[in-house]
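In case it helps, this note's numbering puts the sequence shown at residues 575 to 1186.
To start, the structure under review is shown below, and the notes come after it.
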Amino acid sequence: MRILGISALYHDSAAALIEDGMIVAATQEERFSRVKHDWGIPVNAIKFCLAQGKCQFSDIDIVVYYDNPILTIQRFCENVCTLQEEADDLLNRSFDDMFGDKIWIKHNLLSEFGNMKQGGLFLVSEHHLSHAASAFYPSPFGKAMVLTNDGVGEWDTSAIGIGEGNSLKIIKSIQYPHSLGLFYSAFTYFCGFKVNEGDYKFMGLAPYGEPVYYNLLRKNVIDIKDDGSYRLNLEYFDYHNGRTMVSEKMETLLGGSRRIPEERITKREMDIAASVQKITEEIIVKQAKYIRSLRPDIKNLVMAGGCALNCVANGRLLQEHIFDNIWIQPAAGDAGGALGCALYAYYGYLGNKRIVRENDCQNGSYLGISFDDAKIEQCLHEYKAKYMKVDDNETARKIAQYLADGKVVGHFCGRAEFGPRALGNRSILADPRSDKMQTTLNMKIKYRESFRPFAPSVLMEKANEYFELDEESPYMLMCADVKMERRKPFALKNLMEYTDMDMIPIVNTPRSDIPAVTHVDYSARIQTVTEDRNKRYYQILKEFEMITGCAVIVNTSFNVRGEPIVNSPKDAYVCFMRTGMDVLVLENYILLKEEQPEYKESGDWRNEYELD
């Protein structure tokens, strides 16, 4: 039984293939198209999934779309009726989108790929049910409570559910226009960052500020109940009118107009970020407590939806000990809906017996494309690259030594990750002990603001020697504090006079003995690494520990600002040559920057990518 799940026509389109309940492949379209957050029909992602499954579109038993377009149109029409004579902006901006490809998704797929299997089904799944399924079915739990929060899907913006065996039910939801995801995005926009992409920046900015706007926002903008439900005061927003995210009334409340993108970041933006982050955490914690009260016998929580990528809020949930165990879908945003709807069709719709594994069924989220030696060598010969090839063990040792010597390594190995996090296979690696490494990586390689933090990868068995963390965090979705004994005195307030777009004096001030991965509040977004999930990456960490005594390395996604994570050897080589990386490793092929032929391009390649 082969089922193809599809997420498309909103943002982060993706495809996923499962066979007899097991995940065969899952990937985002952006990795192939090289368009960040590509929202189109995922033709390339589908082709990859079919190839990975050694099948044709005509072999597929069920195709599932992750969203019900009829319900979305219903929401759109009711919104238009509510606005009445003020609906022009909404109609002009959204009419074609609502009544275009989303309605004809089946027709468009058949036109592209031909007929399905005789007797095959085309189904649609509701948006938050797809999110919930993506969190519950791959999780290592037989029973779990489910929490999803995002912008909006059909009508729902937040949902809670119960998963038991192969059964999954949504039992309560919050509906549009009240939305935690849109609340967060509105302030992301107000602070000059891009909606659906700059949320990570906004979250990373929060520790620099103080929540001085918290009471003001709670009094005027959002009403939060004890069960975690909420209502927005829509006078302060404008997204429901089809215009910008916030209204002029919000600008008045916050003492001025929104920050223009790329302008100097001021303390106001930092304080807004801190305030909104505090409110977001408050809502999610209240939701979790309420959910636990509904079924005290269920000790596990699973999460998905874009808000589940807020690792700071996730870390707060860990600290609260509301549930014994938490599992979060690594592709928690819309891309993960492709996987969720496919799994729901197999388990929830068809009623098949559920497969549960102790370490989850997500396979480390290494579900994307890989390349053999022949294809790598073909790429290297095309660029006349100079390289050496060594065996697996020697590759790990060499990478560890390069890192210990202060070099920055682009690491390309195995199957690409599914989701927004690079987990070692499409990663840029560096030494966390350097107090200048955060600035170096941001400014000379990623070409982005220097305040943005980097994540540590740490050997699972050594994690509690570095961080206040006693459990796995394999998907880099949990924040925890650096151990007290590793911290160095750091007075953020004394450095705030330097606050500008880059904040380099602050960033370059050591905060621990692993400064490159320690944020200004002593927190870190952690990836724990085990040998069974990723043997190669584990070996690199072990070798680095043997050389340096440090069981942590810096891990950031292999890309530059505005670019999707690299997917192919060509993507990796081009990114390597365009940036200040010192070493490129493609499987067991090692390239040193100083040995490569001159790389020339016409024009400024940075113009290829939109700013985030």
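Glycine included, C-beta positions come from ideal geometry on N, C-alpha and C.
{"Item": "Could you tell me the alpha carbon to alpha carbon distance between E1035 and G829, rounded to whole angstroms?", "Value": "49 Å"}
{"Item": "For Y755, name the three-state secondary structure that DSSP assigns.", "Value": "The displayed chain sequence assigns Gly, not Tyr, to residue 755. If DSSP states are grouped into helix, strand and coil, G755 belongs with the helices."}
{"Item": "Looking at C-beta atoms only, is the number of pairs between the segment 889-902 and the segment 770-787 that lie closer than 8 Å three or more?", "Value": "no"}
{"Item": "Within 10 angstroms of the Cβ of D586, are there 16 or more other Cβ atoms? Answer buried if so, exposed if not.", "Value": "buried"}
{"Item": "Which residue's Cα is closest to the Cα of E825: L791, I857, C623, E856?", "Value": "L791"}
{"Item": "Just the Cα atoms here: how many angstroms apart are Y640 and E603?", "Value": "15 Å"}
{"Item": "Pairs of beta-carbons, one from the segment 999-1011 and one from the segment 980-990, closer than 8 Å: are there three or more?", "Value": "yes"}
{"Item": "Look at the alpha carbon of G693 and the alpha carbon of I677, and state the distance between them as a whole number of angstroms.", "Value": "22 Å"}
{"Item": "Below 8 Å, how does it come out for the segment 746-766 and the segment 910-922: are there three or more Cβ pairs, yes or no?", "Value": "no"}
{"Item": "Would you mind working out which of Y1173, I744, E1137 sits nearest H702, comparing C-alpha positions?", "Value": "I744"}
{"Item": "What residues in its chain sit with their C-beta under 8 Å from that of D1226, if we drop five residues either side in the sequence?", "Value": "The chain is shown only over 575 to 1186; residue 1226 falls outside these bounds and no answer can be derived."}
{"Item": "Per the DSSP calculation, N740 is bridged to which residue(s)?", "Value": "Paired residues: none, contrary to the question."}
{"Item": "Just to check my reading of the structure: I1127 and N1133 have Cβ atoms closer than 8 Å, yes? What is that Cβ distance to the nearest angstrom?", "Value": "Going by Cβ atoms, the distance from I1127 to N1133 rounds to 18 Å, so no, they are not a contact pair."}
{"Item": "Classify P1027: buried if its beta carbon has 16 or more other beta carbons within 10 angstroms, exposed otherwise.", "Value": "buried"}
{"Item": "By DSSP's criteria, A1004 is part of a beta bridge. Which residues make up the other side?", "Value": "V1128"}
{"Item": "Between the Cα of I1088 and the Cα atoms of G907, E1039, G614, which residue gives the shortest distance?", "Value": "E1039"}
{"Item": "Can you give me the C-alpha to C-alpha distance between P1171 and H955, rounded to a whole angstrom?", "Value": "12 Å"}
{"Item": "Taking S1131 as the reference, give the member of P1006, A1054, I1019 with the closest Cα.", "Value": "I1019"}
{"Item": "If we count Cβ pairs, one from each stretch, closer than 8 Å, do we get three or more for the segment 602-621 versus the segment 949-967?", "Value": "no"}
{"Item": "Just to confirm, is the Cβ distance from C623 to A590 under 8 Å?", "Value": "yes"}
{"Item": "Expressed to the nearest angstrom, what Euclidean distance is found between the alpha-carbon atoms of N1108 and G938?", "Value": "8 Å"}
{"Item": "Identify every residue that forms a DSSP beta bridge with K746.", "Value": "I734"}
{"Item": "Hey, how far is the Cα of E652 from the Cα of V726?", "Value": "15 Å"}
{"Item": "When we look at the beta-carbon of H681 and count the other beta-carbons within 10 Å, is it buried (16 or more) or exposed?", "Value": "exposed"}
{"Item": "With DSSP collapsed to three states, give me the class of A582.", "Value": "coil"}
{"Item": "DSSP on N535, reduced to helix/strand/coil?", "Value": "Any property of residue 535 remains undetermined from this structure, which presents the chain solely from 575 to 1186."}
{"Item": "Which one or two residues does DSSP pair with I900 in a beta bridge?", "Value": "L875"}
{"Item": "Please determine, among I872, C1053, M877, the residue with the shortest C-alpha to C-alpha distance to S708.", "Value": "M877"}
{"Item": "Can at least three beta-carbon pairs, one atom from the segment 1136-1151 and one from the segment 1008-1015, be found at a separation below 8 Å?", "Value": "no"}
{"Item": "Using DSSP with H/G/I as helix, E/B as strand and the rest coil, what is T854?", "Value": "helix"}
{"Item": "Is the beta carbon of D797 sitting closer than 8 Å to the one on Y787?", "Value": "no"}
{"Item": "Smallest Cα separation from I734: which of L695, R1099, K1174, I858?", "Value": "I858"}
{"Item": "In this structure, does DSSP put P1030 in helix, strand or coil?", "Value": "strand"}
{"Item": "For the alpha helix (DSSP H) that contains T1122, what are its first and last residues?", "Value": "1109-1122"}
{"Item": "If you compare alpha carbons, which of E1042, L1158, E1175 is closest to E1168?", "Value": "L1158"}
{"Item": "Can you give me the start and stop residues for the alpha helix (DSSP H) that K823 sits inside?", "Value": "822-827"}
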